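A.B. asks:
Numbering (my numbering), first residue to last: 52 to 495.
1. Relative to the C-alpha of residue 422, which candidate in 439, 73, 137 has its C-alpha closest?
2. List the endpoints of the continuous alpha helix (DSSP H) containing residue 205.
3. Measure from the C-beta of residue 290 to each C-beta in chain B and report whether the shortest distance is under 8 Å.
4. Do residue 160 and residue 104 count as a contact pair if the criterion is CB distance below 8 Å?
5. What whole-angstrom Cβ distance do residue 340 and residue 264 have, given they're in contact under 8 Å?
6. Could you tell me the alpha carbon to alpha carbon distance between residue 66 and residue 332, rounded to whole angstroms?
7. Hey, is the segment 189–201 in contact with the segment 146–158, meaning 3+ C-beta pairs nearer than 8 Å?
8. Give the secondary structure of residue 434 by DSSP, where H, G and I count as helix, E and B as strand, and everything else as coil.
9. Just to confirm before moving on: does the CB-CB distance between residue 108 and residue 163 stay below 8 Å?
10. Verify whether the separation of the beta carbon atoms of residue 204 and residue 241 is less than 8 Å.
11. Would residue 345 and residue 419 be called neighbours here (beta carbons separated by less than 8 Å)?
12. Comparing C-alpha positions only, which one of 366, 320, 308 sits nearest to residue 296?
13. Looking at the unbroken alpha helix (DSSP H) that takes in residue 150, where does it start and where does it end?
14. Alpha carbon to alpha carbon, what distance is there between residue 302 and residue 329?
15. Grab me the residues of residue 326's own chain with a C-beta within less than 8 Å of its C-beta, minus the 5 sequence neighbours each way, in chain order.
16. When you compare only the Cα positions, how much space is there between residue 64 and residue 143?
17. Considering only their Cβ atoms, is the gap separating residue 398 from residue 371 smaller than 8 Å?
18. Count the other C-beta atoms from every protein chain shown that fall within 10 angstroms of the C-beta of residue 386, then say buried if there are 16 or more, exposed otherwise.
19. Could you check how far apart the C-beta atoms of residue 183 and residue 194 are, in whole angstroms? I think they sit under 8 Å.
20. Using CA atoms only, rank isn't needed, just tell me which of 394, 215, 287, 230 is closest to residue 359.
21. Quick one: what does DSSP say residue 75 is sitting in, helix, strand or coil?
22. What is the residue span of the alpha helix (DSSP H) that residue 259 lies within?
23. Measure how close the beta-carbons of residue 5 and residue 351 come, nearest whole angstrom, since I'm counting them as under 8 Å.
24. Given a cut-off of 8 Å, decide if residue 444 and residue 338 are closer than it, judged by their beta-carbon atoms.
25. Could you check the C-alpha separation between residue 454 and residue 448 for me, to the nearest Å?
26. Within 10 angstroms of its Cβ, does residue 393 collect 16 or more other Cβ (buried), or is it exposed?
27. With a 10 Å radius around its C-beta and 16 neighbouring C-beta atoms as the bar for buried, classify residue 379 as buried or exposed.
28. With 16 other CB atoms within 10 Å as the buried threshold, where does residue 334 fall?
29. Helix, strand or coil for residue 139? Go by DSSP, reduced to three states.
30. Verify whether the separation of the beta carbon atoms of residue 307 and residue 256 is less than 8 Å.
31. Name the residue from 377, 395, 294, 123 whose alpha carbon lies nearest to the alpha carbon of residue 364.
32. Take the Cβ of residue 479 as the centre, count every other Cβ of all protein chains shown within 10 Å, and call the residue buried at 16 or more, exposed below.
33. For residue 376, count the other beta carbons within 10 Å of its own beta carbon; 16 or more makes it buried, fewer makes it exposed. Which is it?
34. Within this structure, are the beta carbons of residue 236 and residue 284 separated by less than 8 Å?
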């Protein structure tokens, strides 16, 4: 959907650029032709081949299971090892020949056979059922293959296995230092892989592991048995809001730092792609948490902000988010465009924390609606359809909740929408006036 919106926006921009003389008509035609040709059809063979690789790996595992008693133990082990080695050799040969996609598929096949081999070895030697430990070993093996060969598919397997290990490694409660350090090392290795070998699915997998690892840190820190229900909701709500603030601001602060230190950032680099993918996730999380703060406002009457922020994972993320916000405002004192992003994060954090301050439903509602409106405006300001969608979706949910809870009669509903419409019209008028003033200043 967003690719379609991008193409539509690009066509409109190219028309304006041609009229301004910035792009020639022939150049615009070549750009549009290139965009239209890149419609995903060239990726169909690799998608089908990937599904075929999975089917072949499943067929191999099913064949071994069907002939379990007829195949000697050493034959099973040596056969699995031989297939893994042969697949990796084929991947190396393909990579040397410049066929990176085939090399990636061969490495993925070797990784899947390794995963199946782990399960078969456990049955051969009657090892105790420890699926979390098995997931950990699978993650290590797949991660090694991903870094050695640059395989994106192996990275996805490693990330999924790491998520499973984070969920089931030990019972929830006091954290184990060795496991926490291992989890941190795996997280860093998986997060850095999409930076070195950019691919969208790799960024998604790494982001999923990041969120899971932070959730595990929260669950290990909070005493689940003695903490009351409101605190169990307030801690992840404020903690993930701080994490979302970090994810949103890292790209902006990084861009500003690069601009001040040298030149404009290389937007095609894997680092930039990873940071902006995290930024999209951050806006989605923050919008959802603002709505959650509005819905659950009355549940936090006995939960203070100090008690929530005093928990280490919450204080770390919220503190870093505020520091990044301050750094962003300082670095952008000559660049006005990034400031709404930092303002949206600051207002979003305040909206999420407002129920813990016992400010009342009216103040909380105003802060939440203002934060969601600002997120929508930031998306429009940057031409980012996903950010705008997050803000609009949050506003829709917030309006429906307010209608359900606070407004009874049709007359009250009409008054509510009248006030909301007038406020939005005033904001639109102010934004248009600021834009005209900025254009006049730029022209002068």
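By construction, the Cβ of each residue, glycine as well, lies at the ideal position given by its N, Cα and C atoms.
If you're wondering where the values come from, they're calculated on a predicted model, not measured in any experiment.
C.D. replies: Here's the rundown:
1. To locate residue 422, count along the chain shown from 1; it is residue 371. If you compare the alpha carbons of 439, 73, 137 with that of residue 422, the shortest gap goes to 439.
2. Here residue 205 refers to the residue found at position 154 of the chain shown. Element bounds for residue 205: 203–219.
3. Protein chains in the displayed structure number just one, and chain B is not present.
4. On the chain shown, residue 104 is found 53 positions in, with the first residue counted as 1. On the chain shown, residue 160 is found 109 positions in, with the first residue counted as 1. Yes.
5. Residue 340 sits at position 289 when you count from the first residue of the chain shown. Residue 264 sits at position 213 when you count from the first residue of the chain shown. Incorrect: roughly 18 Å between the Cβ atoms, too far for contact.
6. For the purposes of this step, residue 66 is taken as the residue at position 15 of the chain shown. For the purposes of this step, residue 332 is taken as the residue at position 281 of the chain shown. Going from the Cα of residue 66 to the Cα of residue 332 covers about 32 Å.
7. The segment 189–201 makes contact with the segment 146–158, as at least three CB pairs between them are under 8 Å.
8. For the purposes of this step, residue 434 is taken as the residue at position 383 of the chain shown. Correct three-state label for residue 434: coil.
9. The residue labelled residue 108 in the question sits at position 57 within the chain shown. The residue labelled residue 163 in the question sits at position 112 within the chain shown. At the C-beta level, residue 108 and residue 163 come within 8 Å of one another.
10. By one-based count along the chain shown, residue 204 stands at place 153. By one-based count along the chain shown, residue 241 stands at place 190. Their beta carbons are not under 8 Å apart, which means residue 204 does not touch residue 241 by this criterion.
11. On the chain shown, residue 345 is found 294 positions in, with the first residue counted as 1. On the chain shown, residue 419 is found 368 positions in, with the first residue counted as 1. Contact check for residue 345 against residue 419 passes: the beta carbons are separated by less than 8 Å.
12. The sequence position of residue 296 within the chain shown is 245, counting from 1. Comparing Cα-Cα distances from residue 296 to each of 366, 320, 308, the minimum goes to 366.
13. Numbered from its first residue, the chain shown carries residue 150 at position 99. For residue 150, no alpha helix (DSSP H) run applies, since DSSP gives it neither H nor E.
14. Start at 1 with the first residue of the chain shown, and residue 329 comes out as number 278. Start at 1 with the first residue of the chain shown, and residue 302 comes out as number 251. If you take the alpha carbons of residue 329 and residue 302, they lie about 8 Å apart.
15. As a working note, residue 326 is residue 275 in the chain shown. Correct list, in chain order: 301, 302, 305.
16. Within the chain shown, the letter at position 13 stands for residue 64. Within the chain shown, the letter at position 92 stands for residue 143. Going from the Cα of residue 64 to the Cα of residue 143 covers about 44 Å.
17. Sequence index remark: in the chain shown, residue 371 carries index 320 (1-based). Sequence index remark: in the chain shown, residue 398 carries index 347 (1-based). Against a cut-off of 8 Å, the Cβ pair of residue 398 and residue 371 comes out as no contact.
18. Looking up residue 386 in the chain shown gives position 335. Here residue 386 is exposed: its Cβ has fewer than 16 other Cβ atoms, across all protein chains shown, within 10 Å.
19. Walking along the chain shown from the start, residue 183 turns up at place 132. Walking along the chain shown from the start, residue 194 turns up at place 143. Contact doesn't hold; Cβ gap of about 16 Å is too wide.
20. To locate residue 359, count along the chain shown from 1; it is residue 308. Nearest to residue 359 by C-alpha distance, out of 394, 215, 287, 230, is 287.
21. As a working note, residue 75 is residue 24 in the chain shown. It is coil, neither helix nor strand.
22. The residue you call residue 259 lines up with position 208 of the chain shown. In the DSSP assignment, residue 259 falls within the alpha helix (DSSP H) that extends over 251–272.
23. With the chain covering 52 to 495 only, the question about residue 5 has no answer from this structure.
24. The count along the chain shown starts at 1 and reaches residue 338 at position 287. The count along the chain shown starts at 1 and reaches residue 444 at position 393. Result yes, Cβ atoms of residue 338 and residue 444 sit closer than 8 Å.
25. As a position in the chain shown, residue 454 is number 403, starting the count at 1. As a position in the chain shown, residue 448 is number 397, starting the count at 1. Roughly 10 Å separates the two Cα atoms.
26. Within the chain shown, residue 393 is the residue found at index 342, counting from 1. With a threshold of 16 other beta carbon atoms within 10 Å, residue 393 meets it and is buried.
27. Position 328 of the chain shown, counted from the start, is the residue given in the question as residue 379. Under the 10 Å beta carbon count, residue 379 is surrounded by 16 or more other beta carbons and is classified as buried.
28. The residue you call residue 334 lines up with position 283 of the chain shown. It counts as buried.
29. Along the chain shown, read from residue 1 onward, the residue named residue 139 stands at position 88. In this structure, residue 139 counts as helix in the three-state DSSP scheme.
30. Along the chain shown, read from residue 1 onward, the residue named residue 307 stands at position 256. Along the chain shown, read from residue 1 onward, the residue named residue 256 stands at position 205. No, they are not a contact pair.
31. For the purposes of this step, residue 364 is taken as residue 313 along the chain shown, with counting starting at 1. In this structure, 294 is the residue among 377, 395, 294, 123 with its C-alpha nearest to the C-alpha of residue 364.
32. Taking the first residue of the chain shown as position 1, residue 479 is located at position 428. If you draw a 10 Å sphere on the C-beta of residue 479, you find fewer than 16 other C-beta atoms in it, and that means exposed.
33. Residue numbering aside, residue 376 sits at position 325 when the chain shown is read from its first letter. The residue is buried, with at least 16 neighbouring Cβ atoms inside 10 Å.
34. Position 185 of the chain shown, counted from the start, is the residue given in the question as residue 236. Position 233 of the chain shown, counted from the start, is the residue given in the question as residue 284. The Cβ atoms of residue 236 and residue 284 lie no closer than 8 Å to each other.
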